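Here the structure is laid out as structure tokens; the discussion comes afterwards.
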Amino acid sequence: MYKHNFGKKIGKGLCALLALFLCSNTANAQYGILDRNILSIKNGRELSDSIIYHKVKVDGSGNLIPWNADNYGDAFDQTIKLTWKFWKNMEIDTNGERYYMNHQVWKAGHDKRGIGGDQVAMGISAWDLFYNYLGDEDFIKDMKYQADYYLAHSMSSPTCKWPNLPYPYNTKVETGIYDGDMMAGKGVLQPDKAGSLGYELVRLYKKTGEVKYLDIAVKIANTMAANIKPGDAKNSPWPFKVNAVTGKVVALGKNDYYKEPRMGSYTANWTGTLQLFTELIKLHKGNTVKYQDAFNKTLKWFKNYPEKTNDWGPFFEDVPGYSKTQTNATTYAMFVMEHKELYPDWKKTVSNIFNWVHHTFNNKDWAKYGVTVTNEQTAYPVVGNSHSARQASMELLYWAMTGDTTLNRNAVRQLTWATYAVDYDGKNYYPTNDVWMTDGYGDFVRHYIRAMAIAPQLAPAGSDHMLKTSSTVQNIVYNANSISYKIFDKASNDLFRLTAKPASITVSGKKLTEVAGKNKEGWFWQPLDKGGILSVSQKLGNMIVIKK
Numbered sequence: 089m090y091k092h093n094f095g096k097k098i099g100k101g102l103c104a105l106l107a108l109f110l111c112s113n114t115a116n117a118q119y120g121i122l123d124r125n126i127l128s129i130k131n132g133r134e135l136s137d138s139i140i141y142h143k144v145k146v147d148g149s150g151n152l153i154p155w156n157a158d159n160y161g162d163a164f165d166q167t168i169k170l171t172w173k174f175w176k177n178m179e180i181d182t183n184g185e186r187y188y189m190n191h192q193v194w195k196a197g198h199d200k201r202g203i204g205g206d207q208v209a210m211g212i213s214a215w216d217l218f219y220n221y222l223g224d225e226d227f228i229k230d231m232k233y234q235a236d237y238y239l240a241h242s243m244s245s246p247t248c249k250w251p252n253l254p255y256p257y258n259t260k261v262e263t264g265i266y267d268g269d270m271m272a273g274k275g276v277l278q279p280d281k282a283g284s285l286g287y288e289l290v291r292l293y294k295k296t297g298e299v300k301y302l303d304i305a306v307k308i309a310n311t312m313a314a315n316i317k318p319g320d321a322k323n324s325p326w327p328f329k330v331n332a333v334t335g336k337v338v339a340l341g342k343n344d345y346y347k348e349p350r351m352g353s354y355t356a357n358w359t360g361t362l363q364l365f366t367e368l369i370k371l372h373k374g375n376t377v378k379y380q381d382a383f384n385k386t387l388k389w390f391k392n393y394p395e396k397t398n399d400w401g402p403f404f405e406d407v408p409g410y411s412k413t414q415t416n417a418t419t420y421a422m423f424v425m426e427h428k429e430l431y432p433d434w435k436k437t438v439s440n441i442f443n444w445v446h447h448t449f450n451n452k453d454w455a456k457y458g459v460t461v462t463n464e465q466t467a468y469p470v471v472g473n474s475h476s477a478r479q480a481s482m483e484l485l486y487w488a489m490t491g492d493t494t495l496n497r498n499a500v501r502q503l504t505w506a507t508y509a510v511d512y513d514g515k516n517y518y519p520t521n522d523v524w525m526t527d528g529y530g531d532f533v534r535h536y537i538r539a540m541a542i543a544p545q546l547a548p549a550g551s552d553h554m555l556k557t558s559s560t561v562q563n564i565v566y567n568a569n570s571i572s573y574k575i576f577d578k579a580s581n582d583l584f585r586l587t588a589k590p591a592s593i594t595v596s597g598k599k600l601t602e603v604a605g606k607n608k609e610g611w612f613w614q615p616l617d618k619g620g621i622l623s624v625s626q627k628l629g630n631m632i633v634i635k636k
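Right under this line is the structure:
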């Protein structure tokens, strides 16, 4: 999507970046039409077996189908709405804040663990997409609430060796103060989580117009750029865990899978940091020269090490010792596909990653229902709901970009399988143990909306929804006779699933032309059995009105 190989002169590089962004941002055109056979649900029946919360439903061939609807669009739509209902109504904790600001796991008796390292960033990421999808202002309120509270109670001191980064964990859980790491204790940071949060803060600035989020993102980027190293096979450009005050890298210990103790000097979870640098360079904010240098060094490291070694660990703060993860691998594959101009052989790169994920994490415990799902990590090799949904959505993206249909059928079934983790009240139970605030909410919902954007037949046919935009939506209103929305940029590529073809579209008062192809400037309508897909590609302004 964005070009980063700028050469030595940042001025020319920025021009190239902006030109590429404005002229060739075609990510929203990368949707596909699934074979009807994949979407067919014939002769469905309920079995006596259960998956997590629900009785298993299968089609006439014995393959898994949705438990809650007779089509995939309604099933996925209902599932993610249930998760939001549970999140929105979650109780207030003993310190007067929402339960999810203190805990990574929901339990009726209140779990005693603090938050997950990427919990706030994942929540902001998911609610950003969900707001666009539904237009409910409560999503933006919650994004701001999470960010404001977390930033006010988590940042390392400006005098630290690693200043102005958020601590990932509240060591005294219900104080609501984030001051360290779950395993390593007080004073320890996870720089990868800081980079991911910084990226989401830039997006939150774009969504709300509140500069305070951008200012903190710049501070995070400055610390990251100042502390980067070239990296090698045992050391990533930044450490996984480091003491903020002393700058000392923390030991991870050992586990049953990796018995040799390792230092916390390595993780492959740097795509959020790359995106943070990208966004700030595009906005001309902060020290863009240093950001570009850090971006280039990180990209070089990815290509020289994880891509070749398949060392995609670690990510999770609650696991002792070292562990390789599906999260890091498949998230990087998403980055490659979304920035394919940086990868001359991007198809091979993504295919190699997927092959490694399948070899390492495929779980066939539910193969009798025609589905292979995805395990979480090597040190805790159990199936995950969000991990299966992530793998499915990214395999669908690979199909939409390449035409390779090999993984499509199982991708839809993985998405279906993961919905069985969601109870009628919206609790989303990680299959082996608990209701996690990450796996069940922030890092769950976004994979379904991404999958709908890639294959809009997976969105509900009976209602209107924005599925994707190349910009940031600041406001969207779904009315009976129109959809109106305001974006951050003055150009965008936007994607909707609608119940009927629009009568007209205007951008900042100017009529947008209907065109004959989704890659052309204007608006394009792709009819489906019910309603259809609307692609909007425009450079006329930031106020769009779709008349029905």
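Numbering-wise (the numbering used here), the sequence shown opens with residue 89 and increments by one. Glycine is no exception: its CB is placed at the ideal position from the N, C-alpha and C atoms. Treat the numbers as computed from the prediction; the structure is a model and nothing was measured.
Worksheet item: Between the region 157-164 and the region 211-220, do at least 3 Cβ pairs fall closer than 8 Å?
Response: no
Discussion item. Taking a contact to mean a Cβ-Cβ separation below 7 Å, would you say Val407 touches Ala467 in this structure?
Written reply: yes
Practice prompt. State the CB to CB distance for the pair Lys322 and Gln278, rounded to an integer number of angstroms; the pair is presumed to be in contact (CB under 8 Å).
Written response: Not quite, the Cβ-Cβ distance comes to about 18 Å (not below 8 Å), so this is no contact.
Fill in: Spatial distance of Asn113 from Thr366 (CA atoms)
Bear in mind that a pLDDT of 40 at Asn113, under 50, signals an unreliable position, so the number given afterwards is only what the model happens to contain. Going from the Cα of Asn113 to the Cα of Thr366 covers about 14 Å.
Worksheet entry | Spatial distance of His553 from Gly620 (CA atoms) | 11 Å
Worksheet item: Could you give the distance in angstroms between the alpha-carbon of Asn258 and the alpha-carbon of Met270?
Response: 8 Å
Worksheet item: In whole angstroms, what separates the C-alpha of Glu179 from that of Asp224?
Response: 20 Å
Discussion item. Using a Cβ-Cβ cutoff of less than 6 Å, which residues in the same chain neighbour Thr601 once the five nearest sequence positions on both sides are dropped?
Written reply: Gly610
Fill in: Distance between Ala309 and Ala579 (C-alpha atoms, nearest Å)
26 Å
Worksheet item: Rounded C-beta distance between Ile304 and Leu289? I'm assuming under 8 Å.
Response: 6 Å
Practice prompt. Rounded to whole angstroms, what's the CA-CA distance from Ile575 to Met231? Just pull it up for me.
Written response: 17 Å
Practice prompt. Leaving aside the five residues before and after Gln465 along the sequence, list all residues of the same chain whose C-beta is less than 6 Å from its C-beta, in chain order.
Written response: Ser411, Thr413
Worksheet item: Relative to the C-alpha of Tyr529, which residue among Ser136, Met540, Ala499, Asp511 is closest?
Response: Asp511
Practice prompt. Could you tell me the distance, in whole angstroms, from the CA atom of Pro318 to the CA atom of Pro325?
Written response: 5 Å
Worksheet item: What is the DSSP secondary structure of Gln626, reduced to helix, strand or coil?
Response: strand
Discussion item. Using only CA atoms, which one of Pro402, Ile316, Phe442 lies nearest to Asn384?
Written reply: Ile316
Worksheet entry | Closest residue to Gly204 among Val193, Gly197, His198 (Cα-Cα distance) | Val193
Item to complete: Indicate whether Tyr517 and Ile139 have their beta-carbon atoms separated by less than 7 Å.
Response: no
Worksheet item: Between the C-alpha atoms of His447 and Gly401, what's the straight-line distance to the nearest angstrom?
Response: 16 Å
Practice prompt. Would you give the residue range spanned by the alpha helix (DSSP H) that Asp162 belongs to?
Written response: 160-176
Worksheet item: Can you give the Cα-Cα distance for Gln451 and Met540, rounded to whole angstroms?
Response: Sequence inspection shows Asn at residue 451; the Gln mentioned does not correspond to that position. Distance between the alpha carbons of Asn451 and Met540 is about 24 Å.
Item to complete: Would you kindly check if the distance between the Cβ of Gln166 and the Cβ of Gly287 is under 7 Å?
Response: The sequence shown places Tyr at residue 287, rather than the Gly named in the question. No.
Worksheet entry | Continuous beta strand (DSSP E) assignments of at least 3 residues falling wholly in the region 563-593 | 570-575, 580-586
Discussion item. Can you find the residues in the same chain that come closer than 7 Å, C-beta to C-beta, to Gly374, ignoring five residues on each side of it along the sequence?
Written reply: Val306, Ala309, Asn310, Leu368
Worksheet item: Taking the continuous alpha helix (DSSP H) assigned at Lys385, which residues delimit it?
Response: 376-392
Practice prompt. Confirm, please, whether the CB-CB distance from Leu152 to Arg478 is below 7 Å.
Written response: no
Practice prompt. Can you give me the start and stop residues for the alpha helix (DSSP H) that Ile316 sits inside?
Written response: That residue, Ile316, is in no alpha helix (DSSP H); it is neither H nor E in DSSP.
Fill in: Closest by C-alpha distance to Thr460, when choosing among Leu503, Thr587, Leu285
Leu503
Worksheet item: When the Cα atoms are used, what is the spatial distance from Thr263 to Trp444?
Response: 41 Å
Practice prompt. Please name the residue or residues paired with Gly341 in a DSSP beta bridge.
Written response: Arg350
Worksheet item: Straight-line CA distance for Lys635 to Phe218?
Response: 22 Å
Discussion item. Could you compute how far the alpha carbon of Ala604 sits from the alpha carbon of Ile537?
Written reply: 26 Å
Worksheet item: When the distance is taken between beta carbons, is Thr418 closer than 7 Å to Met351?
Response: no
Discussion item. Between Leu555 and Ala549, how many whole angstroms is the CB-CB distance? I'm expecting something under 8 Å.
Written reply: Actually they do not touch by this definition, with Cβ atoms about 13 Å apart.
Discussion item. Suppose the cutoff is 7 Å on Cβ atoms and the five residues either side in sequence are ignored; what does the same chain contact list for Asp147 look like?
Written reply: Ile129, Lys130, Asn131, Gly132, Ile153
Worksheet item: Helix or strand or just coil, what does DSSP make of Trp400?
Response: coil
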